[in-house]
Amino acid sequence: MEVGFLGLGIMGKAMSMNLLKNGFKVTVWNRTLSKCNELVEFGASIGETPAQVVKKCKLTIAMLSDPAAALSVVFDKDGVLEQTGSGKGYIDMSTVDPETSSKISQAITSKGGAFLEAPVSGSKQPAETGQLVILAAGDKGLYEESIPAFDVLGKKSFFLGQVGNGAKMKLVINMIMGSVMNAFSEGLVLSERSGLNPHDLLDVLDLGAIANPMFKGKGPAMLKSNYSPAFPLKHQQKDMRLALALGDENAVSMPVAAAANESFKKARSMGLGDLDFSSVHEILKMTKD
């Protein structure tokens, strides 16, 4: 199967590399084309525009930074829509709001193409090891056709029904993750300020009912102020904002998520946006009596 791949950031690069290593022919595009060069060394071809990628490939996947980028790649000159038609499948794995997914879906299907939204739960390491969780919604036939690729990219894929449901599920997951990261950061700082060894806290958490891979994976690095980006903080804050908008739309009170979002906004204002989202820990460390 030949697959097109649009967007070679932290996630897209790892995902397209996995496809190449597992025998897929892959044509890649990135706004900065030089980012394609490493993948070419592993056998990828380069498409100079999104339209060129779609023209060449029956199935095209996008992994982009935000709703604006997702819309731009589809609707701008030389975009996806120019070469979309019958027999073409487009899968947007970006994290966007349901309205953005619906707008893209309507445009693709109006040209005779098939559309699937398929945001993922997981960051850099799961992307590199093919352990993502794929949250798909839209065209059921395209979902079934894409299973071989999804089986390489993830450990589990879900079909959630109509377009918008994948986006909603991803926003709920990332809202929970961001809220928990804030509470975890507060706990690390509180343990240290109150005279406890925060490493002991990590050990105790790992043995209890709230043990989870995020605490175990992020905690030791956070205590060393190591925030190498697996999931940049600016993207986490974007997802919190979109989740809060979804809460407004459905009249759901979300005071914990709202407070967490303010922490991420403050961290972004301090220049931490390109670091890992766990760097929200830094603003708590700076808080004095």
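Sequential numbering of the sequence shown, starting at 10, is according to our numbering. Built from N, CA and C at the ideal position, the CB exists for glycine as well.
Closer than 9 Å to chain C by CB, residue i
i    : result
M263 : Going by chain labels, chain C is absent from the structure shown, which holds only one protein chain.
Cβ-based neighbour list, residue i, same chain, cut-off 8 Å, excluding 5 preceding and 5 following
i    : result
F224 : F193, L211, L214 and D215
A23  : K133, A136 and E137
F240 : I19, S132, K133, D285 and F286
S262 : G256
Beta-carbon contacts of residue i that lie in its chain and below 6 Å, excluding the five residues immediately before and after
i    : result
M231 : S287 and H290
V49  : none
G228 : L211
P14  : With the sequence shown as reference, residue 14 is identified as Phe, and Pro is not the correct amino acid for it. If we look at F14 and ignore the five residues flanking it on each side, its Cβ neighbours are S25, V35, V37 and I70.
D87  : T58 and A60
A218 : none
G170 : A146
L197 : P207
Beta bridge counterpart(s) of residue i as assigned by DSSP
i    : result
A276 : In DSSP, A276 forms no bridge with anything.
F124 : Y99
P241 : D285
T36  : G13 and S54
A145 : F168
L68  : V12 and G98
S130 : V142
Neighbourhood of residue i by C-beta, 7 Å cutoff - its chain only, sequence neighbours within 5 removed
i    : result
D298 : In this prediction, D298 scores a pLDDT of 46, lower than 50, which makes its location untrustworthy; no coordinate-derived value is stated.
A176 : V105, D106, P107, S110, E126 and P128
P238 : I19, D283, L284 and D285
V181 : A252
G204 : none
N31  : V161
I292 : S272, K275, A276 and M279
Q92  : A60, V63 and K64
Residue i and residue j closer than 9 Å at C-beta
i    : j    : result
L103 : P59  : Residue 103 is actually Ser in this sequence, not Leu. Going by C-beta atoms, S103 is not nearer than 9 Å to P59.
V82  : G16  : yes
S188 : A269 : yes
G21  : L73  : yes
G173 : A145 : no
G122 : G150 : no
F33  : A158 : yes
G226 : Q134 : yes
A136 : D101 : no
M249 : M184 : yes
K44  : G56  : no
G139 : N27  : yes
I143 : S119 : no
F124 : D85  : no
Contact the stretch 158–169 vs the stretch 104–117: 3+ CB pairs below 8 Å:
Too few Cβ pairs lie closer than 8 Å, so no.
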